[in-house]
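2 protein chains.
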Amino acid sequence: MALKFAKRVADIKSSEVRELLKLTEQPDFISFAGGLPAPELFPVAEIKRVNELLLETEGQAALQYSTTEGFEPLREWIANRMNQRLQTNFTKDNILITSGSQQAIDLTGKIFLDEGDVVFCESPTYLAALNAFRAYGCEFVEVATDEQGMVLEDLEAKIKQYPQAKLIYVIPEFQNPTGLSWGLERRQQLAKLSAEYQLPVLEDNPYGELRFEGETLPSIKHFDKVGNVICTGTFSKIFCPGYRIGWLAGEEGILQHYTIMKQGTDLHSNTKAQREIATYLAQYDIDEHITKIRELYRHRRDTMLQKLDDVFPKEVQFTRPEGGLFVWVTLPEHVDVTPILQDCLAEKVAFVSGETFYPTSQKRNTFRLNFSNMPEDKIDIGLEKMGRVLRKYLEN
Amino acid sequence: MALKFAKRVADIKSSEVRELLKLTEQPDFISFAGGLPAPELFPVAEIKRVNELLLETEGQAALQYSTTEGFEPLREWIANRMNQRLQTNFTKDNILITSGSQQAIDLTGKIFLDEGDVVFCESPTYLAALNAFRAYGCEFVEVATDEQGMVLEDLEAKIKQYPQAKLIYVIPEFQNPTGLSWGLERRQQLAKLSAEYQLPVLEDNPYGELRFEGETLPSIKHFDKVGNVICTGTFSKIFCPGYRIGWLAGEEGILQHYTIMKQGTDLHSNTKAQREIATYLAQYDIDEHITKIRELYRHRRDTMLQKLDDVFPKEVQFTRPEGGLFVWVTLPEHVDVTPILQDCLAEKVAFVSGETFYPTSQKRNTFRLNFSNMPEDKIDIGLEKMGRVLRKYLEN
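The listed protein sequences correspond, in order, to chains E and L.
Counting from 1, one number per residue, gives the positions in the first sequence under the UniProt record's numbering.
Counting from 1, one number per residue, gives the positions in the second sequence under the UniProt record's numbering.
Here it is in structure tokens:
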């Protein structure tokens with residue numbers, strides 16, 4: 001084969017997580033690697049009923065082509081939900097349905113990024129966003145990040161240093177991979193910086209509804225006075241990821257560019273999936289459903305944190321998230337996680353090493369643990385095995 | 001707003017067809033504008049049963065994240081179907097499920113095209129492919145096209161003229177917009193040229209199954225000895241477009257690049273939609289279903305062609321397709337279709353003017369008529385109205 005591919009093909013590697021996930025499909029694997037919801041909570045019986053209703057009343061419309069913008073009642077529900085939870089001020093005209101929030105990220109790259117542009121991101125950050133943006137030839141600049149979010153003095157210094165910057169990408173709620181959330185002041189300050197330097201912010205919020213304790217804070221968008229903040233959300237974590245239904249929320253003038261770009265990308269998202277979700281929302285109480293998810297995940301998080309306290313060596317640090325799906329673990333700086341992961345895989349325990357979450361830094365002493373997808377007994381067994389492996393490496 | 005968008009944002013306009021479709025949503029409109037399947041043929045009752053079965057037996061898996069490549073039994077069905085119908089030699093490992101064949105086209109742009117690259121296309125060609133490719137900064141070079149397909153002497157001359165060419169895009173079966181199909185020799189010759197000049201071919205085939213008469217020819221891929229031809233297909237025209245499920249078929253070495261790029265674009269296509277279609281295919285006879293579609297569309301095509309013979313002025317030419325969804329109309333060269341379209345819209349009859357199907361030529365005397373989405377009586381009434389408008393412009 002001597003075909004000439006686009007330059008971007010050489011820049012993008014297969015996601016290690018997705019490759020690892022294939023390995024962990026073996027049933028006896030204990031996997032803390034993915035970010036999968038607990039499938040035992042999917043409302044399968046309700047969805048069966050939803051399909052009956054939908055196909056009896058609007059079957060033809062549910063199976064036909066539809067508008068790029070998406071199904072109006074669903075867009076309206078999303079706008080209301082965001083306004084209520086995140087103190088935003090959206091109408092249905094501010095919402096574009098996307099094929100998962102991954103597509104929202106990809107389209108953001110597509111409408112903002114030319115080759116050589118710079119994207120500011122947290123350190124560490126969501127690895128699949130890196131690959132989505134990378135396809136448009138951008139460079140990443142990591143901004144120092146602490147337990148309150150991006151360190152905004154560092155961001156401002158870097159904005160001045162990189163005039164080719166085009167976008168700020170953040171996950172302010174139960175961030176992937178750290179599980180940490182931004183403080184109120186940082187949210188307000190970021191909106192201010194975004195306005196001052198005319199830099200759009202993509203506020204990615206797939207996990208915000210999964211808060212187990214503490215108070216929900218207003219979104220960054222809440223503090224946006226000029227319309228530079230664009231939000232994404234998804235039904236993947238509060239309903240079912242298999243539908244691939246997410247959304248973008250932003251000012252109409254910006255959204256219009258997204259909509260035109262989405263036309264060329266996939267015409268529109270699955271009509272039936274959009275109407276199934278809208279029918280579910282009309283027939284059932286999703287808050288009741290989300291409460292069940294929160295309870296199960298809180299229990300699993302508690303199990304994980306307790307076991308980490310019990311079996312991990314004391315010099316290992318980890319986050320204590322108030323929600324979401326992930327705990328982030330930091331080993332002493334001199335320890336390389338690579339052989340530890342190999343030993344754990346040999347014991348049929350999987351997790352994701354932290355390296356891939358840093359676009360530029362070379363940190364080899366971190367890793368991510370998912371707690372939503374494994375039952376408590378497997379969390380216990382898996383972490384005990386990991387503890388034994390870790391002690392071997394840390395006590396040497 | 002002073003945000004800086006990517007350069008591509010200025011290059012891509014909203015599809016006129018999709019804007020027109022919004023207008024024609026008024027129920028008293030007679031629309032020959034879209035490319036919509038007849039919704040009265042969607043197997044709604046069967047899909048209701050499919051959902052019961054699916055949710056009873058594999059509900060959790062149908063609602064969970066899944067692999068980027070797609071659902072294996074569906075990929076296997078597609079490979080077998082293509083081999084049987086198009087004389088290809090695929091296995092499931094040659095198939096990547098996409099979010100409609102529109103995504104297959106977009107991903108083709110994404111893996112092959114850098115800014116300034118040239119794409120060869122038929123003249124006229126599918127307008128949404130133009131917008132998909134345009135997002136990657138390419139230029140189009142139209143190749144002379146006659147009733148047998150691309151004129152390959154012209155293609156070869158242009159390959160020599162444009163060394164920056166990266167891709168050949170063709171729709172060899174019931175082409176959108178002309179409704180015409182390529183002859184056998186052209187298919188064979190294109191595969192040969194593609195090998196000789198190491199230029200990949202995207203063989204887009206959404207309508208091939210909708211043949212009303214005449215013989216199905218082997219695909220261009222059938223003649224491909226080096227692996228340069230990549231095929232796309234879709235369930236939109238033989239099942240239901242609302243699912244947004246299509247596919248790419250090609251050599252594994254190429255498909256791997258597509259898969260990695262799709263990961264960053266939308267992770268994977270709707271899990272439940274893939275399994276619904278697979279369940280339908282296992283439980284029902286899709287050939288029986290496709291036969292019904294063919295019969296209805298043939299009848300509508302016959303109605304359209306008969307009426308065109310009866311009511312259009314004699315100097316107007318039109319194609320007589322053996323299948324698909326479209327008839328292509330050519331007015332005398334000096335006639336501009338723009339005011340004709342305006343007059344027809346005022347009479348609540350819509351069609352798409354041909355201009356947008358030409359990436360570079362300025363032809364204003366053509367238009368496209370869809371016959372799949374309107375019942376016979378509306379075809380008759382709509383064309384009578386159009387005939388009256390046309391006579392006004394042609395007899396002046």
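From the three backbone atoms N, C-alpha and C, an ideal C-beta is built for every residue, glycine too.
From a predicted model like this one, the values you see are computed outputs, not experimental measurements.
For Q164 (chain L), does the three-state DSSP call read helix, strand or coil?
coil
Cutting at 6 Å between CB atoms, please list the residues of its own chain near D336 (chain E), excluding the five before and the five after it.
R364
Which residues in the same chain have their Cβ closer than 8 Å to the Cβ of K113 (chain L), if we skip the five residues on either side of it in sequence?
What sits at residue 113 (chain L) in the sequence shown is Leu, not Lys. Only V119, F133, Y136, G137, C138, K166 and L167 meet the Cβ criterion.
State the start and end residues of the unbroken alpha helix (DSSP H) segment that holds C344 (chain L).
V337 to A346
How do the segment 303-317 of chain L and the segment 92-112 of chain L stand: do at least 3 beta-carbon pairs fall below 8 Å, yes or no?
no
Within chain E, the residues that H257 (chain L) reaches when beta carbons sit closer than 7 Å
F5 and V9
Between the CA atoms of F318 (chain L) and F5 (chain L) - distance to the nearest angstrom
42 Å
Inter-residue Cα distance where the pair is D343 (chain L) and A61 (chain E)
30 Å
When the distance is taken between beta carbons, is K158 (chain E) closer than 8 Å to V141 (chain E)?
yes
Only counting the same chain, and skipping five residues up and downstream in sequence, which positions put a Cβ closer than 6 Å to that of S194 (chain L)?
V201 and N228
Put T145 (chain E) into one of helix, strand or coil per three-state DSSP.
strand
Please list the residues of the segment 211-240 of chain E that have a C-beta atom closer than 7 Å to any C-beta atom in chain L, keeping them in chain order.
G227, N228 and C240
Starting from V316 (chain L), follow the beta strand (DSSP E) in both directions and report where the run begins and ends.
Element bounds for V316 (chain L): n/a, residue is neither H nor E.
Is it true that the CB of R187 (chain E) sits closer than 8 Å to the CB of F223 (chain E)?
yes
With a cut-off of 8 Å, do at least 3 Cβ pairs link the segment 360-375 of chain L to the segment 320-335 of chain L?
yes
8 Å is my cut-off, CB to CB: does A2 (chain E) come that close to chain L?
yes
When you compare the CB of F42 (chain E) with every CB in chain L, is at least one pair closer than 8 Å?
yes
Terminal residues of the continuous beta strand (DSSP E) containing L210 (chain E)?
First-last for L210 (chain E): undefined, no H or E at that position.
Nearest CA to the CA of S372 (chain E): which residue from E:L184, E:S236 and E:E69?
E:S236
The segment 95-127 of chain L: positions lying closer than 7 Å to chain E by Cβ:
S99, G100, Q102, Q103, D106, K110, I111, F112, L113 and D114
Determine, using beta carbons only, whether F42 (chain E) and L63 (chain L) come nearer to each other than 8 Å.
yes
For S361 (chain L), count neighbouring Cβ atoms within 10 angstroms of its own Cβ and tell me buried if that reaches 16, exposed if not.
exposed
I want to see whether chain L comes within less than 8 Å of R75 (chain E), judged by CB atoms only; does it?
no
Determine, using beta carbons only, whether P177 (chain L) comes closer than 8 Å to chain E.
no
Hey, would you say E196 (chain L) sits closer than 8 Å to I220 (chain L), going by beta carbons?
no
Could you round the C-beta distance between G242 (chain L) and T338 (chain E) to whole angstroms and report it? I think they count as a contact, below 8 Å.
G242 (chain L) to T338 (chain E), Cβ: 46 Å. No contact.
Under 8 Å between C-beta atoms of T279 (chain E) and E69 (chain E)
no
So G59 (chain L) and F212 (chain L) are supposed to be a Cβ contact under 8 Å. How far apart are they, rounded?
Incorrect: roughly 39 Å between the Cβ atoms, too far for contact.
Three-state secondary structure assigned by DSSP to V9 (chain E)
helix
I want to see whether chain L comes within less than 8 Å of R244 (chain E), judged by CB atoms only; does it?
yes
Suppose you measure from the CA of D154 (chain E) to the CA of Y162 (chain L); what does that come to, to the nearest Å?
47 Å
Does the beta carbon of K272 (chain E) come closer than 8 Å to any beta carbon on chain L?
yes
So, using beta-carbon positions, are P172 (chain E) and F357 (chain E) closer together than 8 Å?
no
Between the C-alpha atoms of L325 (chain E) and L248 (chain E), what's the straight-line distance to the nearest angstrom?
22 Å
Under 8 Å, Cβ to Cβ, is there at least one residue of chain E near E52 (chain L)?
yes
With 16 other CB atoms within 10 Å as the buried threshold, where does D285 (chain L) fall?
exposed
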